[in-house]
Each structure stands twice: as C-alpha cells, then as structure tokens.
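Chemist: Be aware that the sequence shown starts at 166, since it is given in this note's numbering, and climbs by one per residue.
I have a structure I would like to understand better, so I am pasting it below and will then ask my questions one at a time.
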Amino acid sequence: MARRTRRAVLTALGSGIAATAGCGAFGRERVDVLVAGSLQKAASETLQAQTDAEIAVEARGSVQAARLVADGKRDPAIVALADPTLFDRVMNTPWHAVVASNEMVLAYNPETDGGARVADADPWYAPLRGDSVSLGRTDPTLDPLGYRTLFVLALAADYYDEPGLAAAVLSPDQTYPETQLLAQFETGAVNAAFVYRSMAVERDYPFREFPPEIHLGDPTYAEQYQTTSYELPNGTAIAGNPIEYGAVRRDEQEATRTAFEAVLSGDWLAPHGFTVRQAYPRLVGDVPSTVTQ
C-alpha cells in the first residue's frame, strides 16, 4: 500500500507525456469524468475552471457509477467517488487517490412548516418520527449517501438510547436520486433531507449538525463508525467509516494527466464545503510509475 504527501504527488505528476485526447468545444481536449452526484457542481464549475481541458462531467450515485465502469458501460478517463472502498470492492482498481472528506447533516427548508419544526427541534430527530415533516434521502443501493444515512441513524440510536429510531424515521417513499435530492426543496416534495455538509453549503440551505460520534466526519471515531454496515445488492458488505472521497485516473493521455493533477490538488473542492485535509491526496495501492516516479 503506497501513501504519499500532497507535495510529492503533485511534483510527480508535474511532467506530462505526449498523447492525444478527445476533442471538445473550441478545439480543447476533452476529458470524460464520471463523478459522485455530490461532486457534480464542483467538477462542472470549479474543476473545469482549473484546467484547460474540457471536462465532460457525468454524475451518478457512486455505487451506480462504479457498477457502470465495472460492467463496461462507461469508459471515463477519470472516476471520482464518494466512497474509496468502491474502487476495490466494485471497480476492482489496483489503486486510487483519496482527495477529500465530508460529514453528514440534516438540511431543511426554513420556508416550510416542516422545515421550521426541524430547525427548532430538540432533539433533532423528534419531528422526523411522525408525518409532520416530509423527509428526503437517497437509495442506499445506488450511492454512499444512502447507506451513510442508515449509518447515522444506527449510531444515533445508540448515542441517544433510542432503539428503533431508524424504523420510526424511514419509509420507502423518501428516496430520490442524489443529483436531485435538494432540488426537491424547491418543488415542495421534502422539508428536510439527510445530505453531506457540502451539498447544503452549495445550495445555501441551513442544516442541523450531528455530534461527531455520529456524523461520520471525524477520524477520531472511526472504530465507532465501523460498528455499522450495509450489504449492497451484489453481496458486498460496506462498513461505516469516516467519509472520504477518492479518484482514479484511467488513461495516460496528457489532458487526462493534467486534469487529474487538478483533481489531486483539492482546490476545486474546498470552496464547495468539502474538507481537504493536509494529508490529502493520499495514494493507496499499486500506484502507476507515472504517478510515483
């Protein structure tokens, strides 16, 4: 397992190799990028502004994105996911880079009666038990945000000594695609939603914070988070861990290498509410010599 500092990684990636990439608009080289839904805005706007290549972004739930690549239905130059374990467990890639972290929050729409209840509630989950608040979340079979919502509720049940909390809060009609979840606030479909902090920050929605023991964003509580788990439809078991985002480069073309250098910098993520720790990027696995040399 290889781990390198940000300075070492970026220095190693500084020299590109001559290659030809796809051609995008205005003659720019195009780099196809498949990203987690929570990365869509950051990739389409800030990452694009930080590279000369045309970044052609497709956003999906991370589990779905990993499956599309593993099944040969997508062939992106760069993949960035909201759970690095999917690179090994689903995509079977020999290496990846960890580039950012996040935490779970409960966003709410203060312009609705249900959202106002969430804003004033003590504890935060009290109004979610009944039908006075319409709640949104994502499908755990499609993306990590969905199964991390289940982890938060499982951890909260222990933390607050509230057995059965998840059963009291969740119902099958609450799930939406990750890329559309917060847009449901505008339509009035939901008053509150379990989301990443970055998603609430991007859309300027207020949110309730959770204690670090349950928000999945503090490495100090990694062992506690790991007491939770979820089994994907293919039988893969995913354990609770501190939230991290990972990325992998899938070809050696110059435009791809340049774009991936921008990905590793983390500068495209911090303005969108992600946490970019000093230890990032962290390279894991059998990293290609073009990255480590």
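Each residue gets a CB set at the ideal place from its N, CA and C atoms; glycine is no exception.
For V234, name the three-state secondary structure that DSSP assigns.
Modeler: Counted from its first residue, the sequence shown places residue 234 at position 69. The answer is helix: DSSP assigns V234 an H, G or I state.
Chemist: For S297, which residues from the same chain have a beta carbon less than 8 Å from its beta carbon, with the 5 sequence-adjacent residues on both sides left out?
Modeler: Walking along the sequence shown from the start, residue 297 turns up at place 132. Taken in chain order, the residues that qualify are D278, G279, R282.
Chemist: Residue range of the beta strand (DSSP E) that F372 falls in?
Modeler: If you number the sequence shown from 1, residue 372 lands on position 207. Taken as a continuous stretch (DSSP letters only), the beta strand (DSSP E) holding F372 covers 372–374.
Chemist: In terms of DSSP beta bridges, what is L381 paired with?
Modeler: For this step, residue 381 is matched to residue 216 along the sequence shown. According to DSSP, L381 bridges with nothing at all.
Chemist: By the three-class DSSP mapping on this structure, what secondary structure does A221 have?
Modeler: Taking the sequence shown and counting its residues from 1, one reaches residue 221 at position 56. Residue state, collapsed to three classes: strand.
Chemist: On the three-pair Cβ rule with 8 Å, is the stretch 391–403 touching the stretch 205–224?
Modeler: Contact between the stretch 391–403 and the stretch 205–224 is absent, because fewer than three Cβ pairs lie under 8 Å.
Chemist: Taking the CB atoms as reference points, tell me whether H380 and V317 lie closer together than 8 Å.
Modeler: Numbered from 1 along the sequence shown, position 215 holds the residue referred to as residue 380. Numbered from 1 along the sequence shown, position 152 holds the residue referred to as residue 317. The answer is yes: Cβ separation under 8 Å.
Chemist: Might you give, ordered along the chain, the residues of its own chain that have their beta carbon closer than 8 Å to the beta carbon of M284, omitting 5 neighbours on each side?
Modeler: On the sequence shown, position 119 is the one that residue 284 refers to. First, the residue type needs correcting, since residue 284 is Ala and not Met in the sequence shown. Cβ neighbours of A284 beyond the five flanking positions: Y273, P275, P371, R373.
Chemist: Whose C-beta lies closer than 7 Å to the C-beta of Y445 among residues of the same chain, with five residues either side of it excluded?
Modeler: Here residue 445 refers to the residue found at position 280 when the sequence shown is read from its first residue. Cβ neighbours of Y445 beyond the five flanking positions: R171, V263, V264, A265, G431.
Chemist: Take G405 and list the residues in its own chain whose beta-carbon comes closer than 6 Å to its own, dropping the five residues that flank it on each side.
Modeler: Walking along the sequence shown from the start, residue 405 turns up at place 240. These residues qualify, in order along the chain: F316, Y390, Q391, T393.
Chemist: Which class does E388 belong to by DSSP, given the choice of helix, strand or coil?
Modeler: Position 223 of the sequence shown, counted from the first residue, corresponds to residue 388. E388: helix per DSSP, three-state reduction.
Chemist: Rounded to a whole number of angstroms, what is the C-alpha to C-alpha distance between T440 and E409?
Modeler: Within the sequence shown, residue 440 is the residue found at index 275, counting from 1. Within the sequence shown, residue 409 is the residue found at index 244, counting from 1. One C-alpha to the other measures close to 9 Å.
Chemist: For the beta strand (DSSP E) that contains D240, what are its first and last residues?
Modeler: For the purposes of this step, residue 240 is identified with residue 75 of the sequence shown, where counting begins at 1. Unbroken run through D240: none, as it is neither H nor E.
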